[in-house]
(Lines of atoms letter the chains of each structure in order from A and count residues from 1; the text may use other names and numbers.)
(Lines give C-alpha, C1' and ligand atoms only; values in the text may rest on other atoms or scores of the structure.)
Protein backbone atom coordinates (compact mmCIF):
# COMPACT_ATOMS: atom_id res chain seq x y z
CA UNK A 1 0.00 0.00 0.00
CA UNK A 2 2.80 2.41 0.85
CA UNK A 3 4.45 1.73 -2.52
CA UNK A 4 1.22 2.63 -4.31
CA UNK A 5 0.78 5.77 -2.19
CA UNK A 6 4.35 6.91 -2.76
CA UNK A 7 4.09 6.28 -6.51
CA UNK A 8 0.92 8.38 -6.63
CA UNK A 9 -1.08 5.44 -8.01
CA UNK A 10 -3.69 5.76 -5.27
CA UNK A 11 -4.58 7.91 -2.29
CA UNK A 12 -6.56 7.53 0.91
CA UNK A 13 -8.29 10.93 0.93
CA UNK A 14 -11.73 9.35 0.64
CA UNK A 15 -11.04 6.57 3.13
CA UNK A 16 -13.35 7.06 6.10
CA UNK A 17 -13.05 3.69 7.81
CA UNK A 18 -9.85 1.95 8.93
CA UNK A 19 -9.56 -1.42 10.65
CA UNK A 20 -6.28 -2.47 12.26
CA UNK A 21 -6.56 -6.16 13.03
CA UNK A 22 -3.84 -7.79 15.12
CA UNK A 23 -2.39 -4.37 15.93
CA UNK A 24 -0.17 -5.91 18.62
CA UNK A 25 1.39 -8.34 16.12
CA UNK A 26 1.99 -5.58 13.57
CA UNK A 27 3.84 -3.59 16.22
CA UNK A 28 5.79 -6.67 17.33
CA UNK A 29 6.89 -7.14 13.72
CA UNK A 30 8.14 -3.55 13.51
CA UNK A 31 5.41 -2.04 11.31
CA UNK A 32 4.71 1.01 13.48
CA UNK A 33 6.33 3.50 11.05
CA UNK A 34 4.31 2.08 8.15
CA UNK A 35 1.08 2.14 10.17
CA UNK A 36 1.72 5.77 11.08
CA UNK A 37 2.40 6.72 7.44
CA UNK A 38 -0.83 5.10 6.30
CA UNK A 39 -2.93 6.68 9.06
CA UNK A 40 -1.47 10.12 8.28
CA UNK A 41 -2.82 9.77 4.71
CA UNK A 42 -6.39 9.09 5.84
CA UNK A 43 -8.85 11.92 6.39
CA UNK A 44 -9.11 13.26 9.96
CA UNK A 45 -12.81 12.44 10.35
CA UNK A 46 -12.08 8.74 9.91
CA UNK A 47 -13.54 5.97 12.02
CA UNK A 48 -10.91 3.54 13.29
CA UNK A 49 -11.23 0.09 14.83
CA UNK A 50 -8.23 -1.58 16.43
CA UNK A 51 -8.32 -5.27 17.29
CA UNK A 52 -5.65 -6.78 19.46
CA UNK A 53 -5.32 -10.04 21.37
CA UNK A 54 -3.19 -8.20 23.90
CA UNK A 55 -3.17 -4.55 24.93
CA UNK A 56 0.49 -3.70 25.59
CA UNK A 57 1.65 -0.13 26.13
CA UNK A 58 2.72 0.21 22.48
CA UNK A 59 -0.82 -0.57 21.28
CA UNK A 60 -2.28 1.80 23.89
CA UNK A 61 0.10 4.54 22.72
CA UNK A 62 -0.91 4.01 19.09
CA UNK A 63 -4.57 4.15 20.10
CA UNK A 64 -4.04 7.37 22.05
CA UNK A 65 -2.20 8.93 19.08
CA UNK A 66 -4.79 8.13 16.43
CA UNK A 67 -8.14 7.56 18.12
CA UNK A 68 -10.28 10.38 19.48
CA UNK A 69 -12.65 9.68 22.36
CA UNK A 70 -12.10 5.98 21.88
CA UNK A 71 -13.87 3.20 23.73
CA UNK A 72 -11.88 0.19 24.85
CA UNK A 73 -13.79 -3.08 25.05
CA UNK A 74 -12.12 -6.04 26.73
CA UNK A 75 -13.23 -9.63 26.52
CA UNK A 76 -11.78 -11.81 29.25
CA UNK A 77 -8.89 -10.89 31.49
CA UNK A 78 -6.41 -8.10 30.77
CA UNK A 79 -3.71 -10.14 32.48
CA UNK A 80 -1.87 -12.56 30.26
CA UNK A 81 -1.69 -15.92 31.92
CA UNK A 82 -1.32 -19.54 30.95
CA UNK A 83 -4.27 -21.86 31.25
CA UNK A 84 -3.27 -24.58 33.70
CA UNK A 85 -6.55 -26.47 33.28
CA UNK A 86 -5.48 -28.36 30.17
CA UNK A 87 -5.75 -32.14 30.01
CA UNK A 88 -3.69 -33.81 27.32
CA UNK A 89 -4.12 -37.50 26.53
CA UNK A 90 -1.70 -39.41 24.34
CA UNK A 91 -2.89 -42.68 22.84
CA UNK A 92 -0.04 -44.79 21.47
CA UNK A 93 -1.25 -47.28 18.89
CA UNK A 94 -0.01 -49.40 16.05
CA UNK A 95 -0.57 -48.59 12.41
CA UNK A 96 -3.40 -51.11 12.12
CA UNK A 97 -5.16 -49.60 15.15
CA UNK A 98 -5.11 -46.18 13.43
CA UNK A 99 -7.15 -47.59 10.55
CA UNK A 100 -9.96 -48.72 12.84
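Numbering (the numbering used here), first residue to last: 9 to 108. Every residue gets a Cβ at the ideal spot worked out from N, C-alpha and C, and that includes glycine. In this text the structure is predicted, and so the values were computed from the model without any measurement.
#1: What does DSSP give as the partner residues of residue 58 in its beta bridges?
#2: Go through its chain and collect everything with a Cβ distance to residue 25's Cβ below 6 angstroms, but skip five positions before and after it.
#3: Between the stretch 61-74 and the stretch 33-49, do three or more beta carbon pairs fall short of 8 angstroms?
#4: Between which two residues does the alpha helix (DSSP H) holding residue 67 run?
#5: Closer than 6 angstroms by C-beta to residue 47: which residues in its own chain qualify, once you throw out the five before and the five after it? Chain order, please.
#6: Does DSSP put residue 52 in a helix, in a strand, or in coil?
From the atom records:
#1: 28
#2: 55
#3: yes
#4: 65-74
#5: 74
#6: Reduced to three states, the DSSP call for residue 52 is coil.
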